[in-house]
Amino acid sequence: MPKRTRKHIYSEEPTWREKKIINESKRKLDWFENSKDKVFVGAHFSTKSCGLQKVIRKAYLSRSQAVAFVIGSRQHTLSEIPDTQVKKFRKACEYYRYPSHLLCAHASITMNLAASDKWLRNISLQKLLFSAEQCDRLNVGNLVIHCGSMKDKKTGVVIDENVAIERVVEYIDLVLEKTNSVNILLENTCNEGNRIGGNFEILGRIIKQVKNKERIGICLDTCHAFVAGYDLRRKAEYERMINDIDLEIGLPFLKTIHLNDSESEVNSKKDRHRPLGEGLMGDLAFHRILTDNRLKNIPMIMETSPKKTTVDETKFFSKEMQKIPYFKELLNPPEPEKQRKKYKQRAKKLKVIGPTLQSLPPKKTSKYERRCIF
765 MPKRTRKHIY SEEPTWREKK IINESKRKLD WFENSKDKVF VGAHFSTKSC GLQKVIRKAY
825 LSRSQAVAFV IGSRQHTLSE IPDTQVKKFR KACEYYRYPS HLLCAHASIT MNLAASDKWL
885 RNISLQKLLF SAEQCDRLNV GNLVIHCGSM KDKKTGVVID ENVAIERVVE YIDLVLEKTN
945 SVNILLENTC NEGNRIGGNF EILGRIIKQV KNKERIGICL DTCHAFVAGY DLRRKAEYER
1005 MINDIDLEIG LPFLKTIHLN DSESEVNSKK DRHRPLGEGL MGDLAFHRIL TDNRLKNIPM
1065 IMETSPKKTT VDETKFFSKE MQKIPYFKEL LNPPEPEKQR KKYKQRAKKL KVIGPTLQSL
1125 PPKKTSKYER RCIF
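Residue numbers (the working numbering): 765 to 1138.
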């Protein structure tokens, strides 16, 4: 077995093991067009331990079909990505064959486009413009952002909703004019406090007022929707969420999905992500999302990262990717009693007290009622 030398550790070429994996699963240039189910599930990788070009390699080795990463920092300093890194990133995308519409970047969470403070608004605009310009350079198709909050932290004054929407629309229009190809996607929130995006109606009003409709859309976070009040364990509630998106925004504007389980209960308004199948949302919620024909050709990103920093991301997400076939093939819903036992076990692990089992089906149900519930 050939040894891996110090020179090879710091090189950016794939190792002999990685070359073996690449040759075994070499994808064609049009693999995403010829895929059977048109479901592209990927993961969110950190760029702290490695460069941007190595993120693509990590994604490929973990069998991710879509890639996401953070662009920019939480601090107010903005440093451009060097041209050498941009070239390496583009080469890696060509080599591992990731098209631009399956690449997603997440802008800084500290942005607040609706802030009452002018200084904070100007910095948020600079961050958004910087992130969009870097996405254009890297040929990344989607940029996910949080619109911000209507409440001022210093004074505690809450801005009028219409004024906040006008500010967000104005800044998005400015950024879209100055950039070329990147799509700006507004992420739904968990309806906590006065944050913009907890209701699909507000996101719909923003999108309707934006001039360039081709490069605007939304990103649906399943954990945020669950915690905001949509009980995705029930079929009726899942259909209600899809119908609300279609009525208020339009399903063609849904361009990415953040596929996360929830540690918190329905309508708790607490944003706590968990890996798939380890939270309180249940297996059937993810089965519906992954098999829904209305959600085809949309990149689905798992955002949960390993808790321990020593755990390798490629190993962690390769295990997570192995769960996807299980969720797709989950045809028959489990019986209510078995499902109640599962939720009790998960609630004990997560230390959830109180209303964990309120929204579950009763113990005695007929087959017809069971179908309606699920």
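Ideal placement from N, C-alpha and C gives every residue a C-beta, glycine not left out.
Residue i lies in the alpha helix (DSSP H); which residues open and close that run?
i	result
F1081	E1077 to M1085
Y862	Element bounds for Y862: n/a, residue is neither H nor E.
P1070	Where P1070 is concerned, there is no enclosing alpha helix (DSSP H), given that its DSSP letter is neither H nor E.
L1144	For the chain, the structure presents residues 765 to 1138; residue 1144 sits outside this window and is missing.
F1091	I1088 to K1092
What separation, rounded to the nearest whole angstrom, lies between the Cα atoms of residue i and residue j?
i	j	result
G1041	L1048	10 Å
K882	Y860	43 Å
E965	E951	13 Å
G968	G961	9 Å
K800	T953	32 Å
G806	M1066	6 Å
K1071	Q817	24 Å
K851	N876	31 Å
K942	D924	28 Å
F853	S1069	22 Å
Y862	E797	12 Å
G1118	V834	Note that G1118 scores a pLDDT of 38, beneath 50, so its modelled location is shaky; the value from the coordinates is reported in the next line. So the two alpha carbons sit approximately 36 Å from each other.
N903	G981	18 Å
L984	P846	32 Å
I1009	R1052	16 Å
T1120	V922	Unreliable positioning characterises T1120 in this predicted model, as indicated by a pLDDT of 39, which lies under 50. The coordinate reading is nonetheless provided below. So the alpha carbons of these two residues sit roughly 32 Å apart.
K1087	L1054	12 Å
A896	R885	16 Å
N1061	S826	20 Å
R821	A856	7 Å
E1093	T874	39 Å
G957	T919	15 Å
K915	K1083	41 Å
Identify the residues that DSSP records as bridge partners of residue i: which are they?
i	result
N886	In the DSSP output, where bridge partners are listed per residue, N886 has none listed.
A869	F833 and L907
V922	K915
F804	P1063
R762	Since the first and last residues shown for the chain are 765 and 1138, residue 762 lies out of range.
Cβ of residue i within 9 Å of Cβ of residue j?
i	j	result
I1021	T986	yes
V946	R979	yes
I970	C911	yes
D1056	G1043	no
A823	F809	yes
R931	A878	yes
L1011	Y1002	no
A992	K1033	yes
M1085	S828	yes
A869	L907	yes
Q973	I909	no
L889	V831	no
Along the chain, where does the beta strand (DSSP E) that runs through residue i open and close?
i	result
E925	Unbroken run through E925 is the alpha helix (DSSP H), E925 to K942; no beta strand (DSSP E).
L950	N947 to E951
I1065	P1063 to M1066
Sorry if obvious, but does the Cβ on residue i come closer than 8 Å to a heavy atom of the ligand ATP?
i	result
E1029	Ligands displayed in this structure: none; no statement on the ligand ATP is therefore possible.
| Curious, which full-length beta strand (DSSP E) runs of at least 3 residues does the segment 971-1058 contain? | For the segment 971-1058, whole beta strand (DSSP E) runs of length 3 or above, ordered along the chain, are 980-985 and 1018-1022.
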